[in-house]
Structures are given as C-alpha cells and as structure tokens.
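**Student:** Residue numbers (the numbering used here): 45 to 158. Glycine included, C-beta positions come from ideal geometry on N, C-alpha and C. Computed from a predicted structure; not experimentally measured. Can you read through this structure? Questions will come right after.
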Amino acid sequence: MGNREKITERAVATVTGMARTTINRCREFLDEILATFTIKDSYKCGQAETLTQTDTDLINDATVYLEAASEDSLLTEFGNILEVLDRNQWDALWGFIPIPIRDKLLNQLLAIAT
C-alpha cells in the first residue's frame with residue numbers, strides 16, 4: 045500500500061469516525077460485490093439455494109439489523125455484520141438486503157472507496 049492510500053484511508057477513518065479495519069472490510073466487500081456484476085447472470089446476486097438454514101437465519105437477522113440502523117450508522121453496522129459473516133456469505137447477504145438499503149450502502153461504500 046502506497047503512502048497516498050494510507051493517507052486517504054486515515055482521512056476517511058478520521059472523517060467518518062470508523063476504524064480503518066471497518067473501512068478495509070467494507071472496501072473488500074465492495075470489490076466482491078462489484079465482481080459479481082461481471083458474472084454471466086448479473087441479476088442473480090448471491091446463491092440462496094446453497095445456503096443452510098442456519099446461514100439463511102443469520103443473513104435474515106443481519107438484514108433486519110441493517111433495516112433498523114440509522115443512515116448515519118448504516119456503514120458502521122454493516123462493517124460489524126461483515127465481521128461476523130464468513131466471506132463466502134457476503135454475496136448471499138447482498139442478495140437479501142432490500143434495494144433501498146442497498147442503494148444507501150452502495151453510495152456510502154463508493155464514497156469511502158476512493
């Protein structure tokens with residue numbers, strides 16, 4: 045990581061009040077989600093049919109948790125969820141999040157991705 049990236053990361057962490065690890069986790073998630081848009085069937089984000097009932101319950105709980113979060117704390121709460129879920133569940137999580145919340149999250153994720 046170059047000095048510019050470190051300075052930007054520090055600046056984003058300072059302005060948002062979020063930990064750098066949370067910002068990095070959110071950036072990794074954004075990279076993962078953007079990569080799914082290049083998959084042949086881009087309308088199908090996540091593989092719900094391969095989830096166990098426990099996975100589905102956990103993702104449903106995470107979705108309810110996000111719906112209850114305020115817009116100011118949405119990205120922080122989302123970072124907390126990413127910490128709990130396995131990385132292989134991230135695509136499925138995105139598929140379960142309601143579109144209005146996805147839009148807010150995507151805007152906030154893109155804002156910290158620069």
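Identify which residue in 65, 76, 71 has its Cα closest to the Cα of residue 132.
**Tutor:** On the sequence shown, position 88 is the one that residue 132 refers to. Nearest of 65, 76, 71 to residue 132, Cα basis: 76.
**Student:** Would you mind working out which of 135, 157, 150 sits nearest residue 99, comparing C-alpha positions?
**Tutor:** Position 55 of the sequence shown, counted from the start, is the residue given in the question as residue 99. The candidate whose alpha carbon is nearest that of residue 99 is 135.
**Student:** Helix, strand or coil: which one does DSSP assign to residue 112?
**Tutor:** Here the question's residue 112 lines up with position 68 in the sequence shown. Three-state result, residue 112: helix.
**Student:** Please name the residue in 115, 144, 105 whose C-alpha comes closest to that of residue 126.
**Tutor:** Here the question's residue 126 lines up with position 82 in the sequence shown. Checked all of 115, 144, 105; the closest Cα to residue 126 is 105.
**Student:** Quick one: using the 10 Å Cβ neighbour count with 16 as the cut-off for buried, is residue 154 buried or exposed?
**Tutor:** Indexing the sequence shown from 1 puts residue 154 at position 110. With fewer than 16 other Cβ atoms within 10 Å, it is exposed.
**Student:** Tell me which residue opens and which closes the alpha helix (DSSP H) that residue 146 is part of.
**Tutor:** Counting from one through the sequence shown, the residue named residue 146 turns up at place 102. Per DSSP, residue 146 belongs to the alpha helix (DSSP H) from 143 to 156.
**Student:** In this structure, how does DSSP classify residue 75 when only helix, strand and coil are distinguished?
**Tutor:** Looking up residue 75 in the sequence shown gives position 31. It is helical.
**Student:** Once you ignore the five residues that flank residue 146 on each side, which residues in its own chain have a CB closer than 8 Å to its CB?
**Tutor:** Your numbering for residue 146 matches position 102 in the sequence shown. 138.
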